[in-house]
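So in my numbering, the last spot in the sequence shown is 441, and the numbers never skip. Glycine is no exception: its CB is placed at the ideal position from the N, C-alpha and C atoms. Here's the structure, in structure tokens; my notes come after.
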Amino acid sequence: MIKEKEYKERRTQFAKKLKPYSVAVLFSAEVKTRSNDTEYPYRQESNFYYMTGFTEDKSALMFVKEAKKTKIYLLVHKKDANEELWNGKRLGQQQAKEIFIVDDVFEYSELPLKLKEFLEAKQRLYYDFKLDYSKVKLLKRYAKKIDTFKNAASLIEKMRLIKSDAEIALIKKALDITKKAHHRAMKKASKLHYEYELQAELEYVFKKYGAQSDAYSSIVASGNNANTLHYIDNRARLTKDELILIDAGCEYNYYASDITRTIPVTKFTKAQKEIYGLVLDVEKEIIKMVKPGVMRSSLQKRAERLLCEGMVKLGILHGKVKKLLKKECHKKYFPHGIGHWMGIDVHDQAPYKTKKGKEVPLKKGMVLTIEPGIYIDEKDSKVPKKYRGIGIRIEDNILVTEKGAKNLSKAIKKEIEEMEAYTS
Ligand code: GLY
Ligand code: MN
Ligand code: MN
18 MIKEKEYKER RTQFAKKLKP YSVAVLFSAE VKTRSNDTEY PYRQESNFYY
68 MTGFTEDKSA LMFVKEAKKT KIYLLVHKKD ANEELWNGKR LGQQQAKEIF
118 IVDDVFEYSE LPLKLKEFLE AKQRLYYDFK LDYSKVKLLK RYAKKIDTFK
168 NAASLIEKMR LIKSDAEIAL IKKALDITKK AHHRAMKKAS KLHYEYELQA
218 ELEYVFKKYG AQSDAYSSIV ASGNNANTLH YIDNRARLTK DELILIDAGC
268 EYNYYASDIT RTIPVTKFTK AQKEIYGLVL DVEKEIIKMV KPGVMRSSLQ
318 KRAERLLCEG MVKLGILHGK VKKLLKKECH KKYFPHGIGH WMGIDVHDQA
368 PYKTKKGKEV PLKKGMVLTI EPGIYIDEKD SKVPKKYRGI GIRIEDNILV
418 TEKGAKNLSK AIKKEIEEME AYTS
């Protein structure tokens, strides 16, 4: 649980970043129609959630800054008995006043009035540049005198990079559930026949232990399907002697986990072990490099070099490592990044570079994934036959601490013998 005091502190920090005589407006997510009168499950907009912890739609948060002081207002949906009969209870203005430490709470229907009032004599307006057009239009209607528009989202996303203890506890909780899910999948793999059955086992565990949802669409990719990086079809039949790449993680109270394990249906073949061993060694090596001050690009470069060297040794690539790296030959088999920020979003939005183009070094409190992989298409005739159709990724979630990497997903088995003890 993240306490209101922490949300209040975030709002205070954000207010400090605003320039004098400005207004910032953040909106809740819209309810999205799936078809006709059915809707997708509602999920709050990540930055709005980070600032409030509030999960209702039709809400907004406003910062009104004068020369120095900032007033903060929350707008919430009104209580409406008929709507509550269908869609559940609303907090409403009165209760919101008791819960949120803000200067005042208004009804959301007052938004145009409040925009008119607050934007009157201001110079700057901060809002999320990815906001729906209809909302931007509304803002601009009342922003005739504003001369500077700024992206509120990028300021908040930068704040989100450093996780508090309470946030780390939630990521750990998400990972504890995801661990149970992956271990269950390992134990079930040899007994099931289709990828979607394994997906069901994973997602059963997510729900069973209280996760609200998956953090992204689960990837259960057997055999050559693992070479499609975002394979989410999950309809194929499992075949003995094939590997299954499982990239699945739950979201718990708005915090993600993002874990990949590549498991055998029963046991690894010799060729599979050779590639798996290489990816695992590289993953461990890169995790060891994580510490404050290190650049993500150094992790990427080192992973590319180690994978390239390993692939030369296995006869997947031919030639001098230096030349192969220069010509980016390894990218055919390792085409993606070594990892990404993670938090409220599975791919937390914070930039990897500053505005001036300088790279952001790792700092204490950041959480990132490390996820090297090798993907060899079944039709790749340039590679020894025994390796074709193998796709392997191993992914863990790492907290940067003063002392270096803390692997938050360490408890999820990834050694060959450990996994085979579950699968066979
Ligand atoms: N699950 C998406 C990713 O690994 O980035
Ligand atoms: Mn990832
Ligand atoms: Mn992943």
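_Rounded straight-line distance, which links the Cα of residue 83 to that of residue 89_ = In the sequence shown, the residue the question calls residue 89 occupies position 72. In the sequence shown, the residue the question calls residue 83 occupies position 66. Cα to Cα, the separation comes out at about 12 Å.
*Is residue 390 helix, strand or coil by DSSP?*
Along the sequence shown, one-based indexing puts residue 390 at 373. Residue 390: strand per DSSP, three-state reduction.
_By C-beta, the residues closer than 6 Å to any heavy atom of ligand 2, given in chain order_ = 275, 357, 386, 388 and 412
*asked:* Residues in the same chain with beta-carbon distance under 8 Å from residue 436, minus the five sequence neighbours each way, listed in chain order, please.
replied: Mapped onto the sequence shown, residue 436 falls at position 419. Within the same chain, residue 436 has close Cβ partners 203, 278, 280, 281 and 430.
*Is the CB of residue 248 under 8 Å away from at least one CB in chain D?*
Protein chain content of the structure displayed is limited to a single chain, and chain D is not contained in it.
*asked:* On the CB-based measure, 16 or more other CB atoms within 10 Å of its CB, does residue 199 come out buried or exposed?
replied: If you number the sequence shown from 1, residue 199 lands on position 182. Burial call: buried.
_Of the residues 191, 250, 403 and 37, the one placed nearest residue 268, counting alpha carbons only_ = For this step, residue 268 is matched to residue 251 along the sequence shown. Minimum Cα distance to residue 268 is reached at 191.
*From this set, 274, 43 and 326, which residue's C-alpha is nearest residue 149's C-alpha?*
Here residue 149 refers to the residue found at position 132 when the sequence shown is read from its first residue. Residue 149 has its Cα closest to that of 43, out of 274, 43 and 326.
*Please name the residue or residues paired with residue 346 in a DSSP beta bridge.*
Taking the first residue of the sequence shown as 1, we reach residue 346 at position 329. Note: residue 346 sits in no beta bridge, so no partner.
*When you compare each of 413, 178 and 74 to residue 170 by their alpha carbons, which one comes out closest?*
Along the sequence shown, one-based indexing puts residue 170 at 153. It is 178.
*asked:* Below 7 Å, is the gap between the Cβ of residue 42 and the nearest heavy atom of ligand 5?
replied: By its list of ligands, the structure shown excludes ligand 5, since it contains just ligand 1, ligand 2 and ligand 3.
_Tell me whether the stretch 291 to 305 and the stretch 321 to 332 touch, counting them as touching only if at least three CB pairs, one residue from each stretch, are closer than 8 Å._
yes
*Alpha carbon to alpha carbon, how far is residue 143 from residue 242? Give it in angstroms, no decimals.*
Start at 1 with the first residue of the sequence shown, and residue 242 comes out as number 225. Start at 1 with the first residue of the sequence shown, and residue 143 comes out as number 126. Straight-line Cα distance between these residues: approximately 44 Å.
*asked:* Nearer than 7 Å: is that true of the beta carbon of residue 350 relative to any heavy atom of ligand 1?
replied: Here residue 350 refers to the residue found at position 333 when the sequence shown is read from its first residue. Result no, Cβ not under 7 Å from ligand 1.
*Return the chain-ordered list of same chain residues with a C-beta closer than 8 Å to the C-beta of residue 76, the five sequence neighbours on each side being excluded.*
In the sequence shown, the residue the question calls residue 76 occupies position 59. Contacts found: 44, 45, 65, 69, 91, 92, 93, 94 and 125.
*asked:* Taking 7 Å as the cut-off, is the C-beta of residue 364 nearer than that to any heavy atom in ligand 1?
replied: Locating residue 364 in the sequence shown gives position 347, counting from the first residue. Result yes, Cβ under 7 Å from ligand 1.
*Tell me where the alpha helix (DSSP H) around residue 64 begins and ends.*
In the sequence shown, counting from the first residue as 1, residue 64 sits at position 47. Its alpha helix (DSSP H) spans residues 63 to 69.
*Is the CB-CB distance between residue 175 and residue 367 below 8 Å?*
On the sequence shown, residue 175 is found 158 positions in, with the first residue counted as 1. On the sequence shown, residue 367 is found 350 positions in, with the first residue counted as 1. Against a cut-off of 8 Å, the Cβ pair of residue 367 and residue 175 comes out as a contact.
*Comparing the CB of residue 264 with every heavy atom of ligand 1, is any distance shorter than 7 Å?*
Working through the sequence shown from its first residue, we reach residue 264 at position 247. Yes, Cβ of residue 264 sits closer than 7 Å to a heavy atom of ligand 1.
_Using 8 Å for Cβ pairs, my map puts residue 265 next to residue 236. What's the rounded Cβ distance?_
Against the sequence shown, residue 265 aligns to sequence position 248. Against the sequence shown, residue 236 aligns to sequence position 219. With 8 Å as the limit, residue 265 and residue 236 qualify as a contact, their Cβ atoms being about 7 Å apart.
*asked:* Along the chain, where does the beta strand (DSSP E) containing residue 417 start, and where does it finish?
replied: Translated into positions along the sequence shown, residue 417 becomes position 400. Where residue 417 is concerned, the enclosing beta strand (DSSP E) stretches over 413 to 418.
*Relative to the alpha-carbon of residue 54, which residue among 24, 103 and 18 has its alpha-carbon at the smallest distance?*
Residue mapping note: residue 54 aligns to position 37 of the sequence shown, counting from 1. When each option's Cα is compared against that of residue 54, the closest is 103.
*Could you give the uninterrupted runs of the alpha helix (DSSP H) lying entirely in the stretch 250 to 315, keeping only those of 4 residues or more?*
287 to 306
_Backbone CA spacing between residue 182 and residue 389 [nearest angstrom]_ = In the sequence shown, counting from the first residue as 1, residue 182 sits at position 165. In the sequence shown, counting from the first residue as 1, residue 389 sits at position 372. Residue 182 and residue 389: Cα-Cα distance of roughly 28 Å.
_Is residue 4 close to ligand 3? I mean its beta-carbon at under 7 Å from any heavy atom of the ligand._
Absent from the model: residue 4. The displayed extent of the chain is 18 to 441, so no value can be given.
_Using the Cβ count rule (16 or more neighbours within 10 Å means buried), how would you classify residue 244?_
Mapped onto the sequence shown, residue 244 falls at position 227. It counts as buried.
*Quick one: complete alpha helix (DSSP H) runs, 4+ long, within the stretch 155 to 232?*
169 to 177, 182 to 205 and 212 to 225
*Could you tell me whether the stretch 159 to 167 touches the stretch 402 to 409, where touching means 3 or more Cβ pairs closer than 8 Å?*
no
*Any chance the CB of residue 269 is under 7 Å from a heavy atom of ligand 1?*
Here residue 269 refers to the residue found at position 252 of the sequence shown. No - ligand 1 has no heavy atom lying nearer than 7 Å to the Cβ of residue 269.
*Excluding five sequence neighbours on each side, which residues of the same chain lie with their C-beta closer than 8 Å to the C-beta of residue 133?*
The residue given as residue 133 occupies position 116 in the sequence shown. Excluding residues within five positions, the ones whose Cβ falls inside 8 Å are 159.
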